[in-house]
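Engineer: Please read through the structure below; I'll follow up with questions.
Numbering (UniProt numbering), first residue to last: 1 to 239.
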């Protein structure tokens with residue numbers, strides 16, 4: 001099931017072309033902007049209610065931690081999902097907050113750290129299951145819009161497909177090695193599936209990551225070379 005859905009979307013991604021503005025796209029972006037603004041206002045309001053104003057770290061945190069790339073987001077996710085459960089527990093969230101405060105050169109007492117952790121869980125644990133999923137952490141980190149939203153999934157000309165493939169690969173090849181590996185693969189999978197399944201969970205991402213590697217990693221080195229991904233997407237590159 002995962003293979004069929006994923007491979008169909010993968011092939012469609014290969015036929016992407018840059019989306020031209022139209023009423024549908026404009027209304028979608030306007031709605032996303034409204035929802036994002038609403039979420040930020042609610043988060044800030046909750047923070048003000050839960051934490052004393054002079055210790056309201058959340059506003060500073062959101063400003064300092066904003067991410068514009070799913071690859072960097074997945075690096076953080078993999079680092080703090082220590083037990084590889086596909087979720088961030090309260091204990092793992094606290095480890096993340098401790099590192100954040102250390103980067104700010106701020107000493108926080110253990111009781112205050114517990115208070116901050118509880119506050120973050122109350123604000124961002126959307127389904128109240130006592131743990132954070134991918135979307136919860138994305139809201140905490142104020143992850144910017146899915147990079148792939150700027151591309152249409154209908155096939156364009158061969159030249160357009162090549163051009164768009166180059167843009168897509170360059171965006172996710174953060175290390176500039178000519179191959180996607182580790183969190184780069186994670187980020188690509190997260191954004192690609194996010195086009196059709198916005199509430200993707202950590203365990204689902206892991207399964208789909210395995211599907212991508214199984215079908216695209218031809219030489220089985222655990223990476224997806226540029227030519228391997230182009231082959232999977234049905235894009236013919238110039239030699």
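Glycine residues also receive a C-beta, built at the ideal position from the N, C-alpha and C atoms. Every value quoted in this text rests on a predicted model; they were computed, and no experiment measured them.
Quick check: what's the CA-CA separation for residue 100 versus residue 237?
Structural biologist: 42 Å
Engineer: First and last residue of the alpha helix (DSSP H) that includes residue 150?
Structural biologist: Element bounds for residue 150: n/a, residue is neither H nor E.
Engineer: Helix, strand or coil for residue 212, going by three-state DSSP, please let me know.
Structural biologist: Three-state result, residue 212: helix.
Engineer: Hey, out of 222, 138, 113, 233, whose CA is closest to residue 87's CA?
Structural biologist: 138
Engineer: Going by C-alpha distance, which of 84, 199, 213, 216 is nearest residue 127?
Structural biologist: Selected option, being the one with the closest Cα: 199.
Engineer: Indicate whether the contact test is met: 3 or more Cβ pairs, each with one atom in the stretch 213 to 220 and one in the stretch 144 to 163, closer than 8 Å.
Structural biologist: no
Engineer: Per the DSSP calculation, residue 103 is bridged to which residue(s)?
Structural biologist: Paired residues: none, contrary to the question.
Engineer: Excluding the five sequence neighbours on either side, which residues of its own chain have a C-beta within less than 7 Å of the C-beta of residue 37, listed in chain order?
Structural biologist: For residue 37, the pLDDT reaches just 40, beneath the cut-off of 50, and the residue's location in the model is therefore unreliable, although a value from the coordinates is still provided. Correct list: empty, nothing qualifies.
Engineer: Using 10 angstroms around the beta-carbon of residue 84, count the other beta-carbons present and answer buried if the total reaches 16, otherwise exposed.
Structural biologist: So residue 84 counts as exposed.
Engineer: Residue 124 and residue 136: beta carbons closer than 8 Å?
Structural biologist: yes
Engineer: Along the chain, where does the alpha helix (DSSP H) that runs through residue 194 open and close?
Structural biologist: 183 to 194
Engineer: Assign residue 161 to one of three DSSP states: helix, strand, or coil.
Structural biologist: helix
Engineer: Spatial neighbours of residue 121 within its chain, please: CB distance less than 8 Å, with the 5 preceding and 5 following residues excluded, ordered by chain position.
Structural biologist: 90, 93, 130, 132
Engineer: Based on the DSSP output, what are the partners of residue 131 in its beta bridges?
Structural biologist: 89
Engineer: Mapping the DSSP letters down to three states, classify residue 179 as helix, strand or coil.
Structural biologist: Residue 179 falls in the strand class under three-state DSSP.
Engineer: Skipping 5 residues on each side, what residues in its chain have a beta carbon closer than 7 Å to that of residue 68?
Structural biologist: 144
Engineer: Output needed for residue 235: all residues of its chain with C-beta closer than 7 Å, excluding positions within five of it in sequence on either side, in chain order.
Structural biologist: 14, 161, 162, 165
Engineer: Using the C-alpha atoms, what's the distance from residue 174 back to residue 225?
Structural biologist: Taking the straight line from one Cα to the other gives about 13 Å.
Engineer: Would you say residue 70 and residue 187 are within 8 Å of each other, going by their C-beta atoms?
Structural biologist: yes
Engineer: As a quick exercise: from 206, 232, 205, pick the residue whose alpha carbon is nearest that of residue 218.
Structural biologist: 232
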